[in-house]
Amino acid sequence: MIAWEDPSAVHKRLESMEELMKNFHSQMEGTTFEKKGMSEVLELYKTKVVELDAERHKLNRTIDSLQQDLEKAGDQTIAVQMVADKARRDHEIDMDDAERSHRHNLEDIRMSNEESLRSEAREKIDTLIREYKIKIDDLERELRRELDEERSRRLHEVADLTAQRDAQLQNVAADIGKKEREASTVRDELRQVEANLEREKSFRASVESKLSEASANTLELEAANRALQARITYLESSDQERSQAFADLHRRTQEAIDKATAANDKLRIEETLRRKLHNQVQELKGNIRVFARVRPALGSEEDEAATITFPDEAEESKEIVVKGPEVKNALGVSKSQPHPYSFDRVFGPASDNSEIFEEISQLVQSALDGYNVCIFCYGQTGSGKTFTMSAPDGMIPLAVRQIYETAKGLEEKGWTYRMEGTFVEIYNEELMDLLGKSEDIGKKKHEIRHDTENKKISITGVQKVELDSPDRVQDMLKKAAKNRTVAQTAANERSSRSHSVFILTLIGENSITGDKSEGTLNLVDLAGSERLAHSQAEGQRLLETKAINKSLACLGDVIASLGKEGGHVPYRNSKLTHLLQYSLGGNSKTLMFVMISPLQAHLAETITSLKFAHKVHNTHIGTAKRHNKVAH
Ligand SMILES: Nc1ncnc2c1ncn2[C@@H]1O[C@H](COP(=O)(O)OP(=O)(O)OP(=O)(O)O)[C@@H](O)[C@H]1O
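Numbering follows our numbering, in which position 592 of the sequence shown is assigned residue number 628; successive positions increment by one, without gaps.
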């Protein structure tokens with residue numbers, strides 16, 4: 037069954053459909069209009085295409101005609117090129133023909149000229165030969181004349197020179213005669229000095245015998261005095277009858293006392309005289325002395341021995357000759373130069389320490405008498421410095437023993453001595469106390485102080501050892517050796533790379549005369565004197581070697597300056613010379629040992645050491661002054 041819709045809804049739907057139809061119509065009208073416009077544009081484009089087609093046909097025709105023109109022009113170019121090639125070939129053929137005919141012409145001309153030139157040259161050469169022959173003859177004549185002149189001039193000169201040489205020879209002979217006379221005068225003077233020395237020695241011996249006689253007298257008088265005192269006591273306890281005898285004895289006692297006082301005075305004067313004479317003898321020997329000592333080859337040493345001789349060994353023992361290294365001369369022959377040196381004394385390998393001490397004991401006596409004394413050991417490593425200084429029979433123990441014994445002997449003449457020892461090491465320009473605590477080695481700093489008024493040095497913070505018996509010396513040396521070992525562990529082989537200085541201060545006082553004296557004995561074991569070039573040192577070793585060389589050079593400079601009167605003495609340039617300032621020079625006595633190794637391998641160092649020592653030996657140092665506090 038059909039359901040009928042609401043008529044108002046149908047009406048509404050119809051209205052909307054009408055509306056839609058209207059819209060559709062208006063759209064259709066717009067589209068028709070657009071289509072018309074588009075058709076017009078299309079028509080316009082079609083006409084344009086027809087026009088362009090006509091234009092293209094026209095252009096194609098133009099291109100065809102141009103193509104034809106181009107082909108024609110190409111044909112013409114080829115024709116022209118062919119004509120040009122032919123012309124060039126023809127020209128080349130013409131050029132070849134011309135050149136060939138020119139060459140033929142030239143050949144003809146040269147052939148005709150050559151003959152005439154040759155004959156012309158031959159003539160010229162002949163003329164030149166004739167001219168030169170004339171010139172050569174002239175020159176020959178001239179040269180012969182000049183040669184004759186020169187020969188006669190030279191003959192004159194030779195005659196003159198011969199005359200001059202004869203005159204000079206005469207002068208030299210006269211000089212030699214003069215020098216020989218001077219030498220014999222010097223020899224006479226030397227003999228005189230030796231005679232004086234002998235006289236002084238015998239005088240000293242007589243003074244010493246008088247001294248012992250006087251001390252015996254004193255003892256005798258003292259004994260008599262004591263006997264008399266006992267007698268007085270006895271007499272005093274007796275009755276009046278003995279009073280006369282008592283007065284008598286009293287007088288005689290007084291006389292004995294007077295005699296004892298006179299003997300003591302005499303004793304004092306003679307002791308003063310002995311000291312004066314002893315010093316004069318030392319001065320006559322020179323205030324700086326140099327001894328050379330050659331050590332023996334050791335059992336462990338297998339190296340070749342150097343040739344070292346002692347020409348005057350049997351008499352004075354002052355000379356040493358070392359055979360230098362072999363040097364090839366211009367002819368290739370090897371030769372070696374002898375190097376002779378002379379010193380105050382030379383000790384060969386057979387000498388022992390006690391023999392050496394005999395020579396220096398006089399200087400040790402001078403230190404007791406109030407002088408400053410310095411004894412050095414110089415030489416390369418292993419040459420025997422420490423053996424000479426510090427061995428049980430070395431200079432240090434023997435010196436202290438002698439001082440101790442002499443001081444004991446002087447006690448009866450009123451002298452009492454105090455001995456103080458200081459032992460320091462100088463390593464790389466730093467001071468170490470060898471008698472201090474081991475743990476302080478290398479840590480504690482020490483300074484050198486100078487008392488310019490009393491001419492004394494002191495070192496801050498060092499241990500001083502009272503040497504009241506000879507045995508204390510061995511203890512002290514042991515301690516120093518131990519401390520050196522401690523230091524050595526820190527810097528390998530250090531003992532040979534440092535200087536050791538043993539300073540013995542001797543303070544004396546005379547209870548009879550009131551005299552006081554203060555002398556210093558410095559015993560110095562110098563560091564090895566190896567040369568820088570030979571040591572092949574590097575790093576720390578190089579620094580050490582430089583420091584050693586510098587301080588040894590400073591020592592040489594100080595000694596050289598002391599030899600020149602009045603000049604500046606550079607003590608401050610090294611710790612060693614600064615420390616020894618008051619023991620080197622005018623107011624002191626110096627002895628240097630130059631130690632020599634006997635081995636050929638050490639020859640270069642040996643010669644360097646001997647040269648250094650020889651320079652020192654040639655230095656004259658001024659008169660020594662005694663450090664006494666009371667003038668005589
Ligand atoms: N006169 C001598 N007689 C016997 N042996 C010696 C003599 N001189 C040195 N010697 C020995 O030679 C060796 C080297 O000597 P020493 O140590 O004294 O030399 P040095 O010059 O002090 O060396 P360094 O510079 O290294 O300290 C040591 O074994 C020592 O005992």
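Positions of the beta carbon are idealized from the N, C-alpha and C atoms, including for glycine.
- At least one heavy atom of ligand 1 lies less than 8 Å from the C-beta of T424.
- Within a 10 Å sphere around the beta-carbon of H138 sit fewer than 16 other beta-carbons, which makes this residue exposed.
- In the structure shown, the three-state DSSP call for R508 is helix.
- DSSP places L620 outside both helix and strand once states are collapsed to three, so it counts as coil.
- When DSSP assignments are scanned along the stretch 376-406, the uninterrupted stretches of alpha helix (DSSP H) that are 4 or more residues long and fall wholly within it turn out to be 389-404.
- Of all C-beta pairs linking the stretch 395-406 to the stretch 433-442, three or more are shorter than 8 Å, placing the two stretches in contact.
- Apart from sequence neighbours up to five positions away, the residues of its chain that approach Q617 with a beta-carbon distance below 7 Å are H486, I493 and Y607, ordered along the chain.
- The beta carbons of L591 and V460 sit no closer together than 9 Å.
- In the DSSP annotation of this structure, T452 is not part of any alpha helix (DSSP H); the continuous beta strand (DSSP E) holding it starts and ends at W451 to Y463.
- Around the C-beta of P634, 16 or more other C-beta atoms lie within 10 Å, and the residue is accordingly described as buried.
- The criterion of a C-beta distance shorter than 9 Å is not satisfied by L579 and M455.
- Counting C-beta pairs closer than 8 Å gives fewer than three between the stretch 331-351 and the stretch 284-294, which falls short of the contact rule.
- Between the stretch 421-428 and the stretch 470-490, the count of C-beta pairs closer than 8 Å stays below three; the two stretches do not touch.
- A328 carries a strand assignment under DSSP once its states are collapsed to helix, strand and coil.
- Within the same chain, Cβ atoms closer than 6 Å to the Cβ of S547 are found at G450, the five residues on either side in sequence being excluded.
- Under the 10 Å beta carbon count, N59 is surrounded by fewer than 16 other beta carbons and is classified as exposed.
- DSSP places R437 in the uninterrupted alpha helix (DSSP H) bounded by M431 to E447.
- Within the model, the alpha-carbon separation for G418 versus Y440 is close to 31 Å.
- Taken atom to atom, the span from the alpha-carbon of C410 to that of D294 is near 43 Å.
- Exclusion of the five residues before and after E307 leaves K449 as the residues of its chain whose Cβ lies within less than 6 Å of its Cβ.
- Three or more pairs of CB atoms, one per stretch, sit closer than 8 Å, so the stretch 639-657 contacts the stretch 596-612.
- Each residue's CA atom was taken as its position, placing T581 and P506 some 36 Å apart.
- Shortest gap from the CB of P428 to any heavy atom of ligand 1: 8 Å or more.
- Taking 9 Å as the cut-off, the Cβ atoms of R329 and L627 do not count as close.
- For the pair L404 and T458, the CB atoms are not nearer than the 9 Å cut-off.
- The three-state secondary structure of F69, taken from DSSP, is helix.
- Around T198, the same chain offers no residue with a beta carbon nearer than 6 Å, after the five sequence neighbours per side are excluded.
- Here N654 carries a coil assignment [DSSP, helix/strand/coil].
- Taking all protein chains in view, the Cβ of K171 is surrounded by fewer than 16 other Cβ atoms within 10 Å, so the residue is classified as exposed.
- Straight through space, the alpha carbons of G73 and K84 are spaced by roughly 17 Å.
- Of the heavy atoms belonging to ligand 1, none sits nearer than 8 Å to the Cβ of L615.
- Across the structure, K302 and A296 are spaced so that their CA atoms are roughly 10 Å apart.
- Annotation: K312 to I305 spans about 11 Å, alpha carbon to alpha carbon.
- Boundaries cannot be given for H482, as no alpha helix (DSSP H) includes it and DSSP labels it neither H nor E.
- DSSP places S536 inside the beta strand (DSSP E), whose first and last residues are H535 to N546.
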